[in-house]
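Structure first, then comments.
Numbering (this note's numbering), first residue to last: 12 to 157.
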């Protein structure tokens, strides 16, 4: 019966690093080993952190006295954390600056969409599950004090 030894594992780790593999799995008889690296495979591109949306220049974000919450990336829009959960924020709800009001799924990652200001949700534009484009308006918020 074949067994995977320490030298075999060291060789697999070196192979995975040299070939930019995210993971490699080998079985021999009843033994097996899975090697996962923290490096990103060539061509996959490293994940890019997207900054949370913020209030841009007033001419770009204000619709009358409303502030637009915009999509920081393209993806699938979700109003709540799961299909059977209530939405993060609905029309008429008061929200605080930085509060999550939606999610956008992009490349199998769920990204929180925070509010750029405190206020009341006046309108939610896309439907749950709609594809949205980067910079698309998602919600309108009436800032506190207006």
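Idealized CB from N, CA, C, for every residue including glycine.
Between residue 114 and residue 123, the beta carbon gap of about 6 Å places them in contact (Cβ cut-off 8 Å). Apart from sequence neighbours up to five positions away, the residues of its chain that approach residue 128 with a beta-carbon distance below 8 Å are 66, 78, 108, 152, 154 and 155, ordered along the chain.
Per DSSP, the unbroken alpha helix (DSSP H) holding residue 29 starts and ends at 17-29. For residue 79, the enclosing beta strand (DSSP E) has its first and last residue at 77-81. Under the three-state reduction of DSSP output, residue 90 falls in the coil class, being neither helix nor strand.
When the Cα atoms are used, residue 85 and residue 18 turn out to be separated by approximately 45 Å. Between residue 80 and residue 46, the CB-CB gap reaches or exceeds 8 Å. Beyond the five residues adjoining it in sequence on each side, residue 131 comes within less than 6 Å, by CB distance, of 105 and 153 in the same chain, given in chain order. Ranking 142, 43, 14 and 48 by CA distance to the CA of residue 30 puts 48 first.
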